[in-house]
Every structure is written in C-alpha cells, then in structure tokens.
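Student: Would you mind keeping the following structure in view while I ask a few things?
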Amino acid sequence: MSKAATLLLAASLFAQDARQIVEEAQRRSRADSERYEGTLEVIDARGRKSLKRWVYRRLGSHGNSKAIIRFTEPAEVRGVALLILNHPERASDQWMWTPATQRERRIALQDRSTRFFGTDFSFEDLEERDVNQYDYRLLGEETIEGAACWKIESRPRKTRASQYTHSILWIRKENYTFARIENYVREELVRRANYREVHNVQGIWTPRLIEMQDLRRNSRTILRLEKLEYNVPMKESDFTLQALRREF
Amino acid sequence: MRAALALVFGLSLAAQDFSQRGFLELRTAVFPQTAPNDRGRAVASALLRYEATYRISSGWRVAGGLDARTDTHHQTERRWGLSWQDRERQRPAFAVRRASVAWERPGVTLELGKQFIRWGKADILNPTDRFAPRDFLAVVDNEFLAVTAARVSVGAHGDTVEMVWAPRLTPSRVPLLNQRWAALPQWSQVREEAPRWPGGGQFGARWNHVGSGWEASLTFYEGYNHLPSFEVRPVSAEFPVRIEARRFYPKLRMWGADAAVPLGPVTLKGETAWFGAPARQTDEYVLYVVQAERQAGEWVFVGGYAGEAVTRWRAVPGFAPDRGLTEAFLGRASYTIDANRSVAAEGAVRRNGDGLWLKLEYSQALGQHWRATAAFTLIRGAPTDFLGQYRRNSHATLTLRYSF
C-alpha cells in the first residue's frame, strides 16, 4: 500500500470516527419528546442584565422533530411563540407568533442568522441538528473545563443552508454530551455555546445550563433548563400553526 | 386572579393549563396644531387590559379578555355597563375584548365566540383581512377589534381550510364628528343620524398552503364592509352648509389571494383582493400590495407599494383607510439597540406626493414590567388626500405601560 493510500485510509477512518462519535451522542440523547422551562439571563456588553423565561416542548427526535418555544416572561412578551418544524433533508421551517398583532410570520431562511427575541441565540441555533446534515472531521482531543473531550469539526452539507460556514464541537468522552460548540462565519468565530451542569435525567445525560456568547456583540445569554422531562405524552396537533395561535 | 377563577369555576387550575397576562397603559398625545372642529391640544387616556386562556381538557380551551378605559377627551363613554357588541360610537368604558371557547381535535379546530381573526400576509395594509375591524378613533393609531363568529379550521399536510361565519357585523369604529380625526370641511356642519345596521351575517373561507419555503392562500368573503359608507343629505344651503349623514355598511363580496416567497436576499410578499358590490351601492375595485422584507442583524426592513384599480365607480362617500393607503409607497424599519431598547420608523407616501404619514418611535423597557415609548407622527399633504386631510394632526405621544 502506498503512503498516499495509507494517508487516505487514515483520513477516512478519522472521518468515520468523528461521525460515529456524533451519531453516538445523538443516539444517547434520543427521546420521543422533551419539555422544560427555560430561564434566560441576557447580559449585554455593558453587563446589564435582563431576564426572560420560556417553555420548550419538542415532539420527535433529531431531524424529524417539531418544537414550540413560548415566552412566559417578561409579561410584555408573554405568549410570543416560535414553531419549528425540523426536516431530515433540509433546513427547518419556522414561524413566529406575536399575540399583539394576532399574526404568525414565517422566518425566512435568510433571516435565521438574526437574534431570537433579544437573546444571543439566533433562530438557527434553536433548530435541532441532525447528524446527517453535516460532514465531520476529528481534529483531536482537548480538555474543556476539566472534562476530556473529542474535538470535531462539522461543516453543513449543501442540502442545508446555514449562516455558519463551519463549527467546532467538543464532546465529552465520559457521557457523549456536548461541552462546547464554536460557530464560525468563514474564519471569524461568531458564537460560542458552553454546555455545563450535566445531569442524568431519566437516563439521558443532559447539560442543564447553556451559555451562548455572541462574540460580535460581546453579549451572552445563560439558559437554565428547569423542570426538564423526557418522553412526556404530547400530540402532533399541538405542533401546528393553529396550535401556535391558541394562547392569547 | 387564578385563585378567584378557581373559586368561581370550582376548578383546580394547573399552571401549564392556565395562562394570563395584562397591562395598565397610560398615554398622552400632544398636538401642536388645533383643528377647526377640535380646539384640544392634548389627550390623555388610560387602559387596563386583562386576558386569560385556560385548557379545560385535552380538547377544550376557553379564552377571555376584558378592557377598562377612560380618557380626557370623551373618546370613551362615561357610563357603566359591559359592552360585547363594539357598535358604540365612542369606546366603551368596559368591554369584553375576547370571549371564546375552542374545541380541538387532531387536524380540526372549532372556535365559537368573540375572537380575533387575521387573514393575509402583508404588513401595514391587508386587503384580504375582512374579519378584522379596527378602532379608528385616532385614524393612524388604530387597534383591532374582535368579531363574534364561529370558525372552523381543518388542516393536513401543509394545507389548511378555514371557514368563518359571523352572525352580525362588528363595524370599525370611525372618528368622532366633534374631534380632529373627522377632518370635516369648514363650510359644513354635519349631524349624524342613527346608523343603518345590516341584518345578515357574513361568511368567509380561506385555503392556505404551506410549501417548502413558501406559502400561498386563496380567500373568499361574502358579507358587509366593516368600514362605513355614508348617505348624505344637505339640509340647508346657507353657510355653514348643514348636512345629515347616516352610516351604512354596504354589501361586499371579495375574492383574494396572498403569497410569501423567500427569494435569497429578501422575502417577497404579495396580497390582492377584488371587492365587488352585490347591492350596486358602492365602488368595485382591486387592492394590491407588493412588499419585500428582510432581517439583517438587529434591523428589520419592510418596504413596498400598495395600489388600487377601480373597476366600477359609484362615488359614494365613505370612510376607507384601506383605500386611503393605496397608490402609496409603504415602509417600516426597526432597529433593536439592545435587550431593552429599540427604535422604529414606519410611514406611507402617496405616489403623487399629496399625502405623507411618518411615525418615529423609541421604546425602552424599565425593569421587568415597565416600558416607556415616545413617538412622533408627522402628517402632511393636500386637503383632498386621505392622509393630507389630517395634516393638522401631527402629534407626539408618550406611553407608559405596566405589564403583568
């Protein structure tokens, strides 16, 4: 076997390893449904804080799921909701419902890079990432906040439109949970998500705290997952445009 | 409130089944100029609104809302009593904003009662939005009113058919004759007679298709226009000319369509409707809106053009802000400064330059409950233009809202 062929095979094995790691992370986090109450602390560049809360409900899993995020606090945005229909073969469909105008508005693909309702999450960050929508490359191993991690590069496939040209993922070896995701636009690091406070919830290791940093704005949002439950009975009909309009 | 509801209905209100919200809003509007029929320069108002929804069981849900308001300019009635109809000339002091019960099954929703029904996809002007009367007491600062109706929605695989039947018309509330937004000619003195209310109901149907990255709808409406026309009768020819006017709500048949298509850099939205007059009392015409929309960073831009083509002219006087905003370039831009502050601008410029409406707004949250909003509205134009007739009504507003 020539040296070039050996290198190609090694690269191929590395690529397969990276995909297998992400697939295993996805498999271990699989649940038929999920519900939590999120508390979001938004901290701007000057250190000023604002508090928001939402209720998150998801039916289905990884690439074929439906989710609704509905704000409960502050009072002035209570009822504002986002419906996300994820698809395995393409980017999700999203609609935002604003009770004040009694209208839902489709979030166009080109608008997904904007911030979601004053938080540091973009609309795209709220989608579920299916393993098959990306190509992976194992970059090595690193320790993040004391946890040994695999460091993996992911690039969206052509079928998936994304604001990010690539992302770097750190996955904990111990339990296959994400420790950090860094999102790049070309060579510029634009958003960093740190995943902390990992707990075993109904057999699924889950980070209960996500800190999303917007490095362009120098602001960050800390999302705490409270009252988290998996495999809660939910109905398909609760994840439609009609359902989006039900409250207020 | 939750405890009170539990006492009244004997229910145990689970947190995830019950949600409520409301606000107390204090608002002051200052007008630099007086109007011939209104010497007042300032209007202060207060509004207390409470809304709640409760899921009784997996298939049933109730929703309700109440408004209590007052003001310094007699735009609000000075009498007790709870209004359901929204047919009062002034705003009622106490009103049921919404009261409906919904029955839900997979793919089917039936809602009965006073509810909000919004159709169309465009912003600023929606020709197909026929079940959406508004309070136009201050024409450019208007608010939607709910309608009493039965609505059934059936949806599957991206297609939804919605059918609405309203047993009686909820009209838009029009400007008061003794106040500046009536903009009456100085040579006239108008006395309003009791309106002629239509006796029949209204029916509407809408089919909406959600495709992969695009949406489109077809709409039909048969009923009455919620915007009034006027029977006008001169009583004397002496100056000022005395006129008796009576509001009536002409029969209306509408066929409409709307679509939203993302096209790379912008989302293109279009909405059009043909309005027929089955009773041959009023004009027949087509309204259309074409607009582009884009979010970029903290900016949101919406810009477009609204047009009108009259297919049959009958020249009956009426109050028609929808037609008044046509033959115009429309736009809105907003910028989110940070989590608490935002600025916005919206406006319309008539194609012939005869009318201009421009609103600039700054809004700031103060803690978790309070929000202050300062706005300035500039109105200019010719007296014969829909916007231009309000050229003396440029104003500044300061609004303080406590949300709970």
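Taken in order, these protein sequences are the chains called X and H.
When the count follows this note's numbering, it moves up by one through the first sequence with no breaks and lands on 248 for the last residue.
When the count follows this note's numbering, it moves up by one through the second sequence with no breaks and lands on 652 for the last residue.
Glycine included, C-beta positions come from ideal geometry on N, C-alpha and C.
1. Output the boundary residues of the beta strand (DSSP E) element that contains L82 (chain X).
2. Measure the alpha-carbon distance for E556 (chain H) versus S420 (chain H) and round it to whole angstroms.
3. In three-state terms, what does DSSP make of N231 (chain X)?
4. Can you find the residues in the same chain that come closer than 6 Å, C-beta to C-beta, to A394 (chain H), ignoring five residues on each side of it along the sequence?
5. Mind listing the chain X neighbours of R366 (chain H)? Cutoff is C-beta to C-beta under 7 Å, in chain order.
6. Give me the Cα-Cα distance between R172 (chain X) and S50 (chain X), rounded to the nearest whole angstrom.
7. Per the DSSP calculation, K517 (chain H) is bridged to which residue(s)?
8. Whole angstroms are fine: how far does the CA of E153 (chain X) sit from the CA of R137 (chain X)?
9. How is N200 (chain X) classed by DSSP in three states: helix, strand or coil?
10. Buried or exposed: which applies to F257 (chain H), given that a residue is buried once 16 or more other Cβ atoms fall within 10 Å of its Cβ?
11. Would you kindly check if the distance between the Cβ of R337 (chain H) and the Cβ of L424 (chain H) is under 8 Å?
12. If you draw a straight line from the C-alpha of W462 (chain H) to the C-alpha of A485 (chain H), how long is it?
13. Just the C-alpha distance for G504 (chain H) and V55 (chain X), rounded to the nearest angstrom, thanks.
14. If we cut at 8 Å on Cβ distances, does T143 (chain X) have a partner in chain H?
15. Please tell me whether V412 (chain H) and F384 (chain H) are closer than 8 Å, where the distance is taken between their beta carbons.
16. Within a Cβ cutoff of 6 Å, which residues of the same chain sit near S651 (chain H), ignoring the five residues on either side of it in sequence?
17. Does the distance from the C-beta atom of G566 (chain H) to that of L475 (chain H) stay below 8 Å?
18. Assuming contact is defined by CB atoms lying nearer than 8 Å, are N473 (chain H) and P443 (chain H) in contact in what I supplied?
19. Taking 8 Å as the CB-CB cut-off, is A508 (chain H) touching chain X?
20. Taking the alpha helix (DSSP H) that Q102 (chain X) falls in, what are its first and last residues?
21. If I measure Cβ to Cβ from D44 (chain X) and keep anything under 7 Å in the same chain, skipping five residues before and after, which residues do I get?
22. Count the CB pairs spanning the segment 98-117 of chain X and the segment 77-87 of chain X that are closer than 8 Å, and state whether there are at least three.
23. Nearest to V22 (chain X) by alpha carbon, out of X:E229, X:Y184, X:H62?
24. In the segment 461-473 of chain H, which residues sit with their C-beta less than 8 Å from some C-beta in chain X, listed in chain order?
25. Which of the residues in the segment 571-604 of chain H, read from start to end, lie with their CB under 7 Å from any CB of chain X?
26. The ligand MG and V395 (chain H): does any heavy atom of the ligand fall closer than 7 Å to the residue's C-beta?
27. At a Cβ threshold of 8 Å, is T647 (chain H) touching chain X?
28. In chain H, which residues lie less than 9 Å from E34 (chain X) when you measure between Cβ atoms?
29. Check whether chain H comes within 8 Å of Q94 (chain X), counting only Cβ atoms and requiring the distance to be less than that.
30. With distances taken Cα to Cα, identify the nearest neighbour of E34 (chain X) among X:N175, X:Y230, X:F239, X:A243.
31. Helix, strand or coil for W429 (chain H), going by three-state DSSP, please let me know.
32. Given R28 (chain X), which residues of its chain have a CB within under 6 Å of its CB, disregarding the five upstream and five downstream residues?
33. Run down chain X in chain order and give the residues with a C-beta less than 8 Å from the C-beta of T301 (chain H).
34. What residue from H:V480, H:L635, H:A508, H:L535 has the CA that sits closest to R495 (chain H)'s CA?
35. Strictly by DSSP, which residues pair up with V591 (chain H)?
36. Taking Cβ-Cβ distances shorter than 7 Å, what residues in chain X pair up with S665 (chain H)?
Tutor: If we stick to the structure as given:
1. Residues 81-85.
2. Rounded to whole angstroms, E556 (chain H) to S420 (chain H) spans 21 Å at the Cα level.
3. Three-state result, N231 (chain X): coil.
4. R346, K362, Q363, F364, listed in sequence order.
5. The contacting residues are Q102, R103.
6. Taking the straight line joining both Cα atoms gives about 31 Å.
7. DSSP output for K517 (chain H) lists H:A508, H:Q539 as bridge partner(s).
8. Their Cα atoms are separated by approximately 5 Å.
9. If DSSP states are grouped into helix, strand and coil, N200 (chain X) belongs with the strands.
10. The predicted position of F257 (chain H) is uncertain, since its pLDDT is 42 and thus under 50; no value can be drawn from it.
11. Yes, Cβ-Cβ distance for L424 (chain H) and R337 (chain H) is below 8 Å.
12. Going from the Cα of W462 (chain H) to the Cα of A485 (chain H) covers about 58 Å.
13. So the alpha carbons of these two residues sit roughly 37 Å apart.
14. T143 (chain X) does not count as touching chain H.
15. Taking C-beta atoms as the reference points, V412 (chain H) and F384 (chain H) fail to come closer than 8 Å.
16. Cβ neighbours of S651 (chain H) beyond the five flanking positions: F271, H617.
17. L475 (chain H) sits close to G566 (chain H), with the two beta carbons spaced by under 8 Å.
18. Taking 8 Å as the Cβ cut-off, N473 (chain H) and P443 (chain H) do not qualify as a contacting pair.
19. Yes, contact with chain X.
20. Where Q102 (chain X) is concerned, there is no enclosing alpha helix (DSSP H), given that its DSSP letter is neither H nor E.
21. Here the set comprises S219.
22. Three or more pairs of CB atoms, one per stretch, sit closer than 8 Å, so the segment 98-117 of chain X contacts the segment 77-87 of chain X.
23. Of the listed residues, the one whose Cα sits closest to V22 (chain X) is X:H62.
24. Within the segment 461-473 of chain H, the residues whose Cβ lies closer than 8 Å to any Cβ of chain X are, in chain order, G461, E463.
25. Within the segment 571-604 of chain H, the qualifying residues are T584, D586, A587, N588.
26. The model on display carries no ligand, and the ligand MG is accordingly not part of it.
27. No, T647 (chain H) lies away from the interface with chain X (no Cβ there is under 8 Å from its Cβ).
28. Among the residues of chain H, none has a CB under 9 Å from the CB of E34 (chain X); the nearest is roughly 15 Å distant.
29. Not a single CB atom of chain H sits nearer than 8 Å to the CB of Q94 (chain X).
30. Of the candidates X:N175, X:Y230, X:F239, X:A243, the residue whose Cα lies closest to the Cα of E34 (chain X) is X:Y230.
31. Here W429 (chain H) sits in helix by DSSP.
32. The answer, listed in chain order, is Y176.
33. Neighbours of T301 (chain H) on chain X, chain order: R246, E247, F248.
34. With distances taken between CA atoms, R495 (chain H) lies nearest to H:V480 out of H:V480, H:L635, H:A508, H:L535.
35. By DSSP's assignment, V591 (chain H) forms a beta bridge with H:Y583, H:Y610.
36. The shown model of chain H, from 249 to 652, leaves out residue 665 (chain H), and the question about it has no answer.
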